[in-house]
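Colleague: As numbered in my numbering, residues 187 to 577 make up the sequence shown, in order. For glycine and all other residues, C-beta sits at the position ideal for the given N, C-alpha and C. Quick one: the structure is below, questions incoming.
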Amino acid sequence: MKYSARYQELAAKWLSNTISEEEKKEFAAWYNEGQDEELIIQSKFAGNEEAYRKQLFDKIKHLTSLSDNKVGPRSLNKRWMYVAASIISLTVIGALIYLDRPDTQRKELVKKEGSIPKKERAWSDDKTMLRLSNGDVVNLDDVPVGTSLNVEGVTIHKSEENVIRCVSDRKVSARDGQAYSTIIKTPVGKDYKLVLADGSVVWLNAASEIRFSLHSWGQRRVKLDGEAYFAVDPAEGKAVPFIVETRQQEVYVLGTEFNVDAYRDEKWARTTLVKGSVKVKQMHTDAVAILKPNQQAKVSHHMSKIKIRSVDASEIVSWKNGYFSFHDSDIQSVLKQFARWYGVEVIYRRTEFAETYVGKIPRSLSLTEAISVLETVGVKCKMEGKKLVII
Numbered sequence: 187m188k189y190s191a192r193y194q195e196l197a198a199k200w201l202s203n204t205i206s207e208e209e210k211k212e213f214a215a216w217y218n219e220g221q222d223e224e225l226i227i228q229s230k231f232a233g234n235e236e237a238y239r240k241q242l243f244d245k246i247k248h249l250t251s252l253s254d255n256k257v258g259p260r261s262l263n264k265r266w267m268y269v270a271a272s273i274i275s276l277t278v279i280g281a282l283i284y285l286d287r288p289d290t291q292r293k294e295l296v297k298k299e300g301s302i303p304k305k306e307r308a309w310s311d312d313k314t315m316l317r318l319s320n321g322d323v324v325n326l327d328d329v330p331v332g333t334s335l336n337v338e339g340v341t342i343h344k345s346e347e348n349v350i351r352c353v354s355d356r357k358v359s360a361r362d363g364q365a366y367s368t369i370i371k372t373p374v375g376k377d378y379k380l381v382l383a384d385g386s387v388v389w390l391n392a393a394s395e396i397r398f399s400l401h402s403w404g405q406r407r408v409k410l411d412g413e414a415y416f417a418v419d420p421a422e423g424k425a426v427p428f429i430v431e432t433r434q435q436e437v438y439v440l441g442t443e444f445n446v447d448a449y450r451d452e453k454w455a456r457t458t459l460v461k462g463s464v465k466v467k468q469m470h471t472d473a474v475a476i477l478k479p480n481q482q483a484k485v486s487h488h489m490s491k492i493k494i495r496s497v498d499a500s501e502i503v504s505w506k507n508g509y510f511s512f513h514d515s516d517i518q519s520v521l522k523q524f525a526r527w528y529g530v531e532v533i534y535r536r537t538e539f540a541e542t543y544v545g546k547i548p549r550s551l552s553l554t555e556a557i558s559v560l561e562t563v564g565v566k567c568k569m570e571g572k573k574l575v576i577i
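Written as structure tokens, this is what we have:
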């Protein structure tokens, strides 16, 4: 049997959900022998699953026709992860097609009027939690869409799943000591969108915490532990800076979009500018850097200066659009992202790794599917309870 016929057969089995685990591995191994092109869902097929399946199959058919003419294997350097993810992501085609459907075809959310319940008994690390300035705690995951809560003249409204909006009819400045009086914390495996009272938008990554004031007009400050993407609204009427504080740095902006990655278990705090301009100030040295779009500042308590490098900002912020993204990353960096999203502890029984990885993996994959990606690119691992063991 020619290779092209064999892999057309496997592609068809994959799309019809009749493929076995062994056949999946066979198909992935063939695809990884030098394909550089991702299988992409095009919007024109989004409303018609059958049309998309035909388009995808035709693309695989084209790729299989190339395999019969290969002279030899191509370099494997730094490209495995991206290609493997293309194959594994076939398992989530149905979900992706649903999300890409026009609004008229989506199931409408039923608005439920009511008040957000307060005074939860305890803070939970496996839920998205809100702590108010008066000490009340709310489990946001259990709050129905459309409900709201009025606190200190500000309405906190759950407008969509994983979206909270703070709306104020009055422009009230935060009083002394209230700059960080409200807290939202995300668990592993979930991100959240927060719209502040001044109109600025914050996308909070998994396992992250943000502290802020409900009244963000006179003193626009937030404190971040984790990772977040900010789209900052210019202050109306005057130049009031928006300040993001982490353990290592402060970031000053007037109106711009940028990403701050400052997890507690990371040596560096990284600020990446998407558009506009920001000033990064190192806490312990007062060193200052002004960033341009597609630049990243790295700050550490162990360094006396700020490191600046050029990056592709769109890749850095891929997490906001539902992807893990790697840029010449070592395996430890890859697995830290996995640990925060899937809630696993990573154990290394092998300590030396020479490889680096580049590419994207959908965060919609299950842990089992993500492990399959790792195995496809040569990382041997196994699960022991909630521990991911690298062997």
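(1) Tell me the rounded alpha-carbon separation between T562 and K210.
(2) Could you tell me the boundaries of the alpha helix (DSSP H) in which L400 lies?
(3) Find the nearest neighbour of L326 within the set G339, E338 and S345, judged by alpha-carbon distance.
(4) Taking the beta strand (DSSP E) that I350 falls in, what are its first and last residues?
(5) Is the segment 405-423 touching the segment 468-485 in the sense that three or more CB pairs, one from each, lie closer than 8 Å?
(6) Among W527, S386, E538 and N507, whose alpha-carbon lies nearest the alpha-carbon of I557?
(7) Taking the continuous alpha helix (DSSP H) assigned at K522, which residues delimit it?
(8) Does the Cβ-Cβ distance between S394 and T372 come in under 8 Å?
(9) Thinking C-alpha only, which one of L459, V381, W389 and Y415 is nearest H401?
(10) Flag this pair as touching only if the segment 493-502 and the segment 516-526 have three or more C-beta atom pairs under 8 Å; answer yes or no.
(11) Taking the alpha helix (DSSP H) that T333 belongs to, which residues open and close that run?
(12) Cα separation between R292 and E347?
(13) Applying the 10 Å Cβ sphere with the 16-neighbour rule, what's the burial state of F539?
(14) So I557 is in the alpha helix (DSSP H); what residue range does that whole segment cover?
(15) With distances taken Cα to Cα, identify the nearest neighbour of Q518 among V575, Q482, S463 and L551.
(16) Is W505 helix, strand or coil when you go by DSSP?
(17) In its own chain, which residues sit with a C-beta less than 7 Å from the C-beta of G375, not counting the 5 before and 5 after it?
(18) Check the Cβ-Cβ distances between H401 and every residue of chain C, and say whether any is below 8 Å.
(19) According to DSSP, is K568 part of a helix, a strand, or is it coil?
(20) On the three-state DSSP scale, how would you describe F512?
(21) How would you label I577, buried or exposed, when you count the other beta carbons within 10 angstroms and need 16 or more for buried?
(22) Just to confirm the assignment, what range does the beta strand (DSSP E) spanning Y543 have?
(23) Mind checking S552: buried by the 16 CB within 10 Å criterion, or exposed?
(24) In this structure, does DSSP put E208 in helix, strand or coil?
(25) If you draw a straight line from the alpha carbon of I342 to that of D312, how long is it in whole angstroms?
(26) Label K568 either buried or exposed according to how many other C-beta atoms from any shown protein chain fall within 10 Å of its C-beta, with 16 as the threshold for buried.
(27) From S386 to R535, what distance separates their C-alpha atoms?
(28) Need the endpoints of the beta strand (DSSP E) that Y378 sits in, please.
(29) To the nearest angstrom, report how far apart R317 and V408 are at their CA atoms.
(30) Could you check how far apart the C-beta atoms of Q434 and S486 are, in whole angstroms? I think they sit under 8 Å.
(31) When the Cα of E531 is compared with those of G571, V349, Y378 and L410, which residue comes out closest?
Modeller: Taking the structure as given:
(1) The residue given as residue 562 occupies position 376 in the sequence shown. The residue given as residue 210 occupies position 24 in the sequence shown. Rounded to whole angstroms, T562 to K210 spans 10 Å at the Cα level.
(2) The residue labelled residue 400 in the question sits at position 214 within the sequence shown. Counting along the chain, L400 falls outside any alpha helix (DSSP H), and DSSP gives it neither H nor E.
(3) Looking up residue 326 in the sequence shown gives position 140. Ranking the options by Cα distance to L326, first place goes to S345.
(4) The sequence position of residue 350 within the sequence shown is 164, counting from 1. Segment V349 to S354, the beta strand (DSSP E) holding I350.
(5) no
(6) As a working mapping, residue 557 is identified with position 371 in the sequence shown. Closest option to I557, Cα to Cα, is W527.
(7) What you label residue 522 is simply residue 336 of the sequence shown in a count that begins at 1. Unbroken alpha helix (DSSP H) run through K522: I517 to Y528.
(8) Residue 394 sits at position 208 when you count from the first residue of the sequence shown. Residue 372 sits at position 186 when you count from the first residue of the sequence shown. It is a contact, given that the beta carbons lie within the stated cut-off.
(9) Position 215 of the sequence shown, counting from 1, holds the residue named residue 401. Checking every option, the nearest Cα to that of H401 belongs to V381.
(10) no
(11) Reading the sequence shown from its first residue, position 147 is the one you call residue 333. Looking at the DSSP string, T333 is not in any alpha helix (DSSP H), and its letter there is neither H nor E.
(12) Residue numbering aside, residue 292 sits at position 106 when the sequence shown is read from its first letter. Residue numbering aside, residue 347 sits at position 161 when the sequence shown is read from its first letter. Confidence is the limiting factor: at R292 the pLDDT is only 30, short of 50, which leaves the residue's position unreliable, though a coordinate-based value still follows. Within the model, the alpha-carbon separation for R292 versus E347 is close to 14 Å.
(13) Walking along the sequence shown from the start, residue 539 turns up at place 353. It counts as exposed.
(14) By 1-based counting over the sequence shown, the position of residue 557 is 371. Its alpha helix (DSSP H) spans residues L553 to T562.
(15) Walking along the sequence shown from the start, residue 518 turns up at place 332. Taking only the C-alpha atoms, the option nearest Q518 is V575.
(16) Counted from its first residue, the sequence shown places residue 505 at position 319. Secondary structure at W505: helix, using DSSP grouped into helix, strand and coil.
(17) Locating residue 375 in the sequence shown gives position 189, counting from the first residue. Counting only Cβ-Cβ distances below 7 Å, and skipping sequence neighbours, we find A392, W527, Y528 and G529.
(18) As a matter of chain content, chain C is missing from the structure shown, which is built from one protein chain.
(19) For the purposes of this step, residue 568 is taken as the residue at position 382 of the sequence shown. Residue state, collapsed to three classes: strand.
(20) Your numbering for residue 512 matches position 326 in the sequence shown. F512 falls in the strand class under three-state DSSP.
(21) The residue you call residue 577 lines up with position 391 of the sequence shown. With fewer than 16 other Cβ atoms within 10 Å, it is exposed.
(22) By one-based count along the sequence shown, residue 543 stands at place 357. Residues Y543 to P548.
(23) Taking the sequence shown and counting its residues from 1, the one referred to as residue 552 is at position 366. The residue is exposed, with fewer than 16 neighbouring Cβ atoms inside 10 Å.
(24) Position 22 of the sequence shown, counted from the first residue, corresponds to residue 208. Helix.
(25) Your numbering for residue 342 matches position 156 in the sequence shown. Your numbering for residue 312 matches position 126 in the sequence shown. About 22 Å.
(26) As a working note, residue 568 is residue 382 in the sequence shown. Exposed.
(27) Within the sequence shown, numbered from 1, the residue matching residue 386 stands at position 200. Within the sequence shown, numbered from 1, the residue matching residue 535 stands at position 349. Rounded to whole angstroms, S386 and R535 show a C-alpha spacing of 44 Å.
(28) Position 192 of the sequence shown, counting from 1, holds the residue named residue 378. Here the beta strand (DSSP E) through Y378 covers Y378 to V381.
(29) In the sequence shown, the residue the question calls residue 317 occupies position 131. In the sequence shown, the residue the question calls residue 408 occupies position 222. Here the alpha carbons of V408 and R317 stand approximately 15 Å from one another.
(30) Position 248 of the sequence shown, counted from the start, is the residue given in the question as residue 434. Position 300 of the sequence shown, counted from the start, is the residue given in the question as residue 486. That pair is a contact at about 6 Å.
(31) Walking along the sequence shown from the start, residue 531 turns up at place 345. Cα-wise, what sits closest to E531 is G571.
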